[in-house]
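Chains H and W are the protein sequences, given in the same order. Just so it is clear: in the first sequence, position 632 is 632 by the working numbering, and no numbers are missing. One gets the working numbering by counting positions in the second sequence from 1 and adding 727 to each.
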Amino acid sequence: MIVLASVPPIQLDAHTLNSVYATLPLWPLFGTVAIGLMLAFNRAKEMAHYAVIAGVGAAAVLAGGVFYSMLNDGAAAAHGPGHADAARLMLVSDPPAQHAPADAHAPAAAHAPASASSAAAGHGAHGDHGPHILRYHQYTAFHWFSLGLIGGQTRWVDVNFFVDSLTGVMLIVVTFVALMVVIYSVGYMRDHHGHQEEGYERFFAWLGLFVFSMLMLVLAGNFVLLYLGWEAVGLCSYLLIGFYYQKPAAAAAAKKAFLVNRIGDFGFALGIFAIYHFLSPIVQPGENPLDYATLFKYVDKLETMSLWGVSAPTLIGLLLLCGALGKSAQFPIYVWLPDAMEGPSPVSALIHAATMVTAGVYMVARLGPIYARSPEAMDVVMWVGIIGAVLAATMAMAQHDMKRILAYSTMSQLAFMFVALGVGAPQAAIFHLYTHAFFKALLFLCAGGVMHSMGNIIDVRYFSGLKSVLPSTYRLMFIGCLALAGFPLLSGFWSKDEIVHAALDNRPWVGYVLLFTAAMTAYYTFRMFFLCFNGPTRTPPEAGDHPHDSPPVMTWPLYPLALGAIAAGFVGYGGHDGFFHKYVADSSMVATAAHTSAAWPIMLISGAIAIGAIFVAFARYGDAPRNEPDQQLLGPLWNLWNAKYLVDEIYDAIFVRPLRAFGKLLFDADRHGVDGVVNAVGATPGRLSSIAAWTQRGALQGYAVAMVLGLGLVFIVWRWLTPATGL
Amino acid sequence: MLAAYLAIGAALFILGLVGFLTRRNLIVMFLCTELMFQGIIVNLVAFGRYPLSGPPTLHGQIFALFLLVVAAAEAALGLALVVLLYRNKGTLDANAWTLLRDA
């Protein structure tokens, strides 16, 4: 069942505490502002990192508090139902059976189960789901702007936060990874002598701004605020990819990321407009249709509406999905992500692996009630995921650049999450998002360590056998690779297995594709790992004479991440009765997938596949061969993968060049057409006056002649006009 | 009688005008303007002595004396300017000066 059920919100007595929690996203922003102040006192270089570490640290502590409070909401509900106004933190808890039916203030109305069954049709059996209960806090900080008087009341767009258990998970992921990455950056953004790089303070300022934006995205309680965070993380991504803006490749990559994201965001904006279009006529006065709470309250009415023959949930779902595809680098607009690796490695780890790129997954999961009512949109989500997973995995098989391999694996893992969303198992998607953040951040930071030690060389053809050179990076990366490969009992194993399980139960063939992709994942991950760390020790000349492990400030933050990569998955132990699923069960994620089979056979199979693929990788790449055995074996196919399916070239031919030609046409039309008219208007008086100026010869006697002739003319006119006097 | 005086005045004026238009030497041109001046003054005196109506008055002669004073002042200024122009270009040719011409 995908019924949203609710009860009157109850008021928490700890309002002060809630206000403290509401400052959560501001702390990283304070860090950025502090750097601005330091610049004024010329202290930014040596102090910038303290400000941002403190800001992100404060946010992480508060995120822990939020996570814990969502955990304990059940206990808080025991105080009994109360009454709350919308401007306060609200709590919706317990099934409607235990409380009076929803009053006018209830953010989500109780729905009859019958009304939802039609939406669920085509998604298999749902017998094991009760009515979906959504428990959330809503905190309204202030009215942002007014949409005018509608129905006698001002319709406000608020700055409000929507906090449920999904938010709790996302906050933990974002702040924890961000904290580790910021600390790591203190070491990374220096040269080998410990001097800060050019733009050190700029880097930290933008990291702070990014964390603020990401937290706003996650906490946003309405679509306007979501859009703000959505665009702000895109901006920070642009700024940080282009951090080395003197490098043409970095500047081009930043531009590409921004422009490709704009394509998706256009659809995203249309989706928001569509929500407003559908809901605006039916909401109560004083409610804003763009609030999540309002949307969820009226989502059933949405189901009966349509535009141009497309049902409202499908239209909204597909349009919003466009934004998710851009932000989460999914087919067909993923092309910016591999290029985004031009940014500094900590940025790749934080923004382009662990947090920002998961925004699309988060958004689709958050809007579970919408997607659950549109099997068509869910199918599109699933298909996009399947295509992306296979495409990215094959491309990752044939790359040489470590960070690009990791970028494609990120895309592939995000595609796994989309498949999970598409088959109706958003909890599995968010679980994978959560474990993926740990091990992928770990992998990117390790790759950054390798790059740092190898003098900014990241191509696996230029080094090998780094096991003895970088022992601690080797150990940490091994853990990360095992987790990514889905090695049994590590975090990636649990979450990936859950996605495969959900797929197998609902669309078996999708499950088989995912299992195959998972095998490829394990294979290419360890191909990269062996090429880097096994075989004879070779280092590029750029690495200097004595390449060595990273300094402690770059190693220390990796241990918590490694711990997460090993153990984070255990919160999902027990499947649907496990801690993670119980924790997120009352979030706005709506599961429509059926669970028909037992978990353990699939766990055995996927574990065996991961181990098998790792062994195959060891057999083929264990001694870091330099002749690329896969290329020998697969030939043209491998070359096609290596060339990334020529997608960049195809897009260049189909979109970039025609658009550029069109732009050139418009530019010429503007320059010669519009500018021509304007310039002509300006030039005409000049031309005319030059004719008059010709009479001004400058010769004294010329003027005298003119005067005499003029006098004569005056005389003649005078004689002509006056009758003769006889003089 | 008036017509005769006016004829002489007009002749002086025309002589000065033609001289001014045809000669290139700045001093000669300057003298030609003086000649035109004198033609005007002859007219003034003639109109004072033979007014178109009423008895003759001294107004014309007073006007003439006044104009002579103005002409003397103007001659001092004009000649000073001519000297200055000569010092700048080393020539008295009026065609040497075409600064007001547009490019």
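Yeah, the Cβ is synthetic: ideal placement off N, Cα and C, and Gly gets one too. These figures come from a predicted structure and were not determined experimentally.
Proximity to residue i [Cα-Cα], best of the options
i, options, result
"L337(H)", "R507(H), W556(H), S237(H) and F41(H)", "S237(H)"
"I272(H)", "F258(H), V283(H), A252(H) and L295(H)", "L295(H)"
"R626(H)", "A340(H), A503(H), R687(H) and G535(H)", "G535(H)"
"N642(H)", "V571(H), G575(H) and A393(H)", "A393(H)"
"A220(H)", "N261(H), V163(H) and Q196(H)", "V163(H)"
"V364(H)", "V450(H), F223(H), R262(H) and L259(H)", "F223(H)"
"L414(H)", "G343(H), L325(H), F487(H) and L228(H)", "L325(H)"
"N160(H)", "V177(H), E197(H), Y292(H) and V182(H)", "Y292(H)"
"G323(H)", "P375(H), K301(H), V347(H) and L259(H)", "L259(H)"
"D158(H)", "L226(H), P552(H) and M189(H)", "L226(H)"
"M70(H)", "Y703(H), G152(H), N679(H) and S587(H)", "S587(H)"
"C759(W)", "L729(W), V772(W) and L806(W)", "L806(W)"
"D300(H)", "V380(H), G569(H) and F278(H)", "F278(H)"
"L37(H)", "G148(H), R366(H) and E201(H)", "E201(H)"
"W494(H)", "T473(H), G578(H) and S468(H)", "G578(H)"
"A269(H)", "E231(H), H581(H), F516(H) and V52(H)", "E231(H)"
"V460(H)", "H672(H), E628(H), G712(H) and A141(H)", "E628(H)"
"T525(H)", "C481(H), L302(H) and M589(H)", "C481(H)"
Cβ neighbours of residue i in the same chain (closer than 6 angstroms, five flanking residues each side left out)
i, result
"K255(H)", "none"
"M395(H)", "Y408, W641 and K644"
"A377(H)", "T314, G317, L318 and Y371"
"L753(W)", "V809, L819 and A821"
"G229(H)", "S213, M216, L217 and A220"
"F533(H)", "L466, K467 and Y474"
"A483(H)", "F439, L490, S491, G492 and A565"
"I405(H)", "A396, Q399 and M528"
Other residues of its chain near residue i: CB distance less than 7 angstroms, five sequence neighbours each side excluded
i, result
"I602(H)", "D497, V500, H501 and L504"
"V584(H)", "S165, L166, V169, Q427 and I430"
"A591(H)", "H129, G424, A425, P426 and Q427"
"L476(H)", "L442, C446, L558 and A562"
"P560(H)", "M180"
"L762(W)", "L739, L742, G743 and G746"
"A63(H)", "L24, L171, I172 and T175"
"L506(H)", "For clarity, residue 506(H) is Asn in the given sequence; the question names Leu instead. Counting only Cβ-Cβ distances below 7 angstroms, and skipping sequence neighbours, we find G124, V423, G424, A593 and A594."
Under 7 angstroms by beta carbon: chain H residues contacting residue i
i, result
"L804(W)", "Within chain H, no residue comes near L804(W); the closest Cβ sits about 16 angstroms away, beyond 7 angstroms."
"F793(W)", "Within chain H, no residue comes near F793(W); the closest Cβ sits about 24 angstroms away, beyond 7 angstroms."
Amino acids of chain W, ordered along the chain, whose beta-carbon sits closer than 7 angstroms to that of residue i
i, result
"L729(H)", "Because residue 729(H) is not part of the residues shown, which for chain H are 1 to 727, the question remains open."
"A704(H)", "F747 and L748"
Distance, residue j Cα to residue i Cα
i, j, result
"M382(H)", "L315(H)", "16 angstroms"
"Y512(H)", "L209(H)", "41 angstroms"
"L239(H)", "W206(H)", "7 angstroms"
"P783(W)", "F774(W)", "9 angstroms"
"F764(W)", "T684(H)", "44 angstroms"
"I35(H)", "K664(H)", "41 angstroms"
"D449(H)", "V310(H)", "Here residue 449(H) is Gly; the residue named in the question, Asp, does not match the sequence. Whole-angstrom Cα-Cα distance: 50 angstroms."
"V616(H)", "A437(H)", "26 angstroms"
"A802(W)", "Y732(W)", "25 angstroms"
"A100(H)", "I133(H)", "Per-residue confidence for A100(H) stands at a pLDDT of 33, beneath the threshold of 50, marking its modelled position as unreliable; the derived number appears in the next sentence. For A100(H) and I133(H), the distance between alpha carbons rounds to 15 angstroms."
"A692(H)", "G698(H)", "13 angstroms"
"H192(H)", "P541(H)", "15 angstroms"
"F580(H)", "L350(H)", "23 angstroms"
Partners in chain H for residue i, counting only beta-carbon separations shorter than 9 angstroms
i, result
"R828(W)", "A693, Q696, R697, G698 and A699"
"L744(W)", "A704 and V708"
Assumed close pair residue i, residue j - CB separation to whole angstroms, cut-off 8 angstroms
i, j, result
"L744(W)", "V705(H)", "With 8 angstroms as the limit, L744(W) and V705(H) do not qualify as a contact, their Cβ atoms being about 10 angstroms apart."
"F530(H)", "S491(H)", "Actually they do not touch by this definition, with Cβ atoms about 22 angstroms apart."
"I458(H)", "D401(H)", "6 angstroms"
"V335(H)", "L433(H)", "Going by Cβ atoms, the distance from V335(H) to L433(H) rounds to 22 angstroms, so no, they are not a contact pair."
"F732(H)", "V347(H)", "What the structure shows of chain H is the stretch from 1 to 727, and residue 732(H) is not part of that stretch, so it cannot be assessed."
"G385(H)", "F418(H)", "3 angstroms"
"L735(W)", "V769(W)", "The amino acid at residue 735(W) is misidentified as Leu; the sequence shows Ile. 6 angstroms between Cβ atoms; contact."
"V182(H)", "V56(H)", "5 angstroms"
"P547(H)", "T539(H)", "5 angstroms"
"A599(H)", "G575(H)", "5 angstroms"
Own chain residues within Cβ distance below 8 angstroms of residue i, not counting five before or after
i, result
"V66(H)", "Y21, L24, V163, T167, G168 and L171"
"S146(H)", "T154, R155, W156 and V157"
"A798(W)", "E761 and F764"
"A251(H)", "G242 and Y245"
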